[in-house]
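A.B. asks: Residue numbers (my numbering), protein chains in the order written: chain A, 1 to 115; chain B, 116 to 224.
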Amino acid sequence: DGGITQSPKYLFRKEGQNVTLSCEQNLNHDAMYWYRQDPGQGLRLIYYSQIVNDFQKGDIAEGYSVSREKKESFPLTVTSAQKNPTAFYLCASSMDRGFGANVLTFGAGSRLTVL
Amino acid sequence: KQEVTQIPAALSVPEGENLVLNCSFTDSAIYNLQWFRQDPGKGLTSLLLIQSSQREQTSGRLNASLDKSSGRSTLYIAASQPGDSATYLCAVNFNKFYFGSGTKLNVKP
Chain A
1 DGGITQSPKY
11 LFRKEGQNVT
21 LSCEQNLNHD
31 AMYWYRQDPG
41 QGLRLIYYSQ
51 IVNDFQKGDI
61 AEGYSVSREK
71 KESFPLTVTS
81 AQKNPTAFYL
91 CASSMDRGFG
101 ANVLTFGAGS
111 RLTVL
Chain B
116 KQEVTQIPAA
126 LSVPEGENLV
136 LNCSFTDSAI
146 YNLQWFRQDP
156 GKGLTSLLLI
166 QSSQREQTSG
176 RLNASLDKSS
186 GRSTLYIAAS
196 QPGDSATYLC
206 AVNFNKFYFG
216 SGTKLNVKP
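1) Short check: CB of residue 153 of chain B to CB of residue 198 of chain B, under 9 Å?
2) Closer than 9 Å, Cβ to Cβ, to anything on chain A: give me those residues from the region 143-168 of chain B, in chain order.
3) What are the residues that DSSP puts in a beta bridge with residue 171 of chain B?
4) Please list the partners that residue 43 of chain A has in chain B, where partner means a Cβ-to-Cβ separation under 7 Å.
5) State the CB to CB distance for the pair residue 107 of chain A and residue 20 of chain A, rounded to an integer number of angstroms; the pair is presumed to be in contact (CB under 8 Å).
6) If you run the structure through DSSP and keep just helix, strand and coil, what is residue 54 of chain A?
7) Is it buried or exposed, residue 10 of chain A, if we count other Cβ atoms within 10 angstroms and call 16 or more buried?
8) Grouping DSSP H, G and I as helix and E and B as strand, with all else coil, what is residue 197 of chain B?
9) Which residue comes first and which comes last in the beta strand (DSSP E) that contains residue 77 of chain A?
10) Could you tell me whether the Cβ atoms of residue 195 of chain B and residue 150 of chain B are closer together than 9 Å?
11) Given a cut-off of 9 Å, decide if residue 52 of chain A and residue 68 of chain A are closer than it, judged by their beta-carbon atoms.
12) For residue 34 of chain A and residue 65 of chain A, what's the separation of their Cα atoms in angstroms?
See below:
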C-alpha cells in the first residue's frame, strides 16, 4: 500500500542532543512537508521541499534542519538550538510541485519528548 | 498572515445527533480546503477536499460546504456515532496550507 512512514513513533532526547526523525513516502509525490503540532494549536510548518535537493523554510524553521537527497525521503533533524522541541511532528506529502492544487497526505507522526 | 479559526474548540453530543463544525478563514483567494480527522496520538486522515470552484462535497454521512465570499466552510456530520469521536481539523490552501486548531468531538453512547 502507498503511504508515508514516519519513524520512530516515540523518541526521547536529552537536552543538548540532536535527533533525526525519518519520513519516507512511496506515493511518488514531488513535495514533502514537516509540521509541528502542540496541544490545542493548529499545525505549524517547519520546512517543505518541492523537488529533490531543494527545500524552503516554513514559519518555524529555527532550530531545525532538513535534507532532500532522494524523492522518497525527507528527514528532519531537531537540533540543540531548538528551545522547546517537545511536540508531535507530522510529515506530509503532495503530488504537485506547486502549492496551488495540492492535496496533503500525512504520516502517523513522531512524538519527541525532551527529558 | 492568513488565519484559520475553528469553532467550537470542543463539542460533546449524544449519539444520533446531526452536528455542524465550523471553519473560517481570512481571505477568499483559496485554492482548496481539506477537512481532516485526527485520533489521539495519530496522524491526520483526509475526509473531504473541496476545490475553490466547488460549493460542497459529500462522503457517506459527511458533507462539507464552502462559501469563499464569507470565508467559511462547514462540516456536517449526520447521525453521529461514538466512532466519530476525534479531533477535526480544516486546512485552507492559500498557495500554502494553513490549519485551524481543530474541534474535539465527543459522541456519547
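Ideal placement from N, C-alpha and C gives every residue a C-beta, glycine not left out. Fair warning: this is a prediction, and the values are worked out from it, not measured in the lab.
C.D. replies: On the basis of the supplied data:
1) Position 38 of the second sequence, counting from 1, holds the residue named residue 153 of chain B. Position 83 of the second sequence, counting from 1, holds the residue named residue 198 of chain B. Not in contact: residue 153 of chain B and residue 198 of chain B (Cβ atoms no closer than 9 Å).
2) 146, 147, 149, 151, 153, 156, 157, 158, 159, 160, 161, 164, 166
3) Locating residue 171 of chain B in the second sequence gives position 56, counting from the first residue. BP columns for residue 171 of chain B point to B:180.
4) Walking along the first sequence from the start, residue 43 of chain A turns up at place 43. Within chain B, the residues near residue 43 of chain A are 214.
5) The count along the first sequence starts at 1 and reaches residue 107 of chain A at position 107. The count along the first sequence starts at 1 and reaches residue 20 of chain A at position 20. Contact doesn't hold; Cβ gap of about 15 Å is too wide.
6) Here residue 54 of chain A refers to the residue found at position 54 of the first sequence. In the structure shown, residue 54 of chain A sits in a strand (DSSP, three-state: E or B).
7) Here residue 10 of chain A corresponds to residue number 10 of the first sequence, with the count starting at 1. The residue is exposed, with fewer than 16 neighbouring Cβ atoms inside 10 Å.
8) Residue mapping note: residue 197 of chain B aligns to position 82 of the second sequence, counting from 1. Looking at residue 197 of chain B - three-state DSSP - the assignment turns out to be helix.
9) What you label residue 77 of chain A is simply residue 77 of the first sequence in a count that begins at 1. Here the beta strand (DSSP E) through residue 77 of chain A covers 76-78.
10) The count along the second sequence starts at 1 and reaches residue 195 of chain B at position 80. The count along the second sequence starts at 1 and reaches residue 150 of chain B at position 35. The answer is no: Cβ separation not under 9 Å.
11) As a position in the first sequence, residue 68 of chain A is number 68, starting the count at 1. As a position in the first sequence, residue 52 of chain A is number 52, starting the count at 1. Cβ atoms of residue 68 of chain A and residue 52 of chain A: closer than 9 Å.
12) By one-based count along the first sequence, residue 34 of chain A stands at place 34. By one-based count along the first sequence, residue 65 of chain A stands at place 65. Computed Cα separation, rounded: 10 Å.
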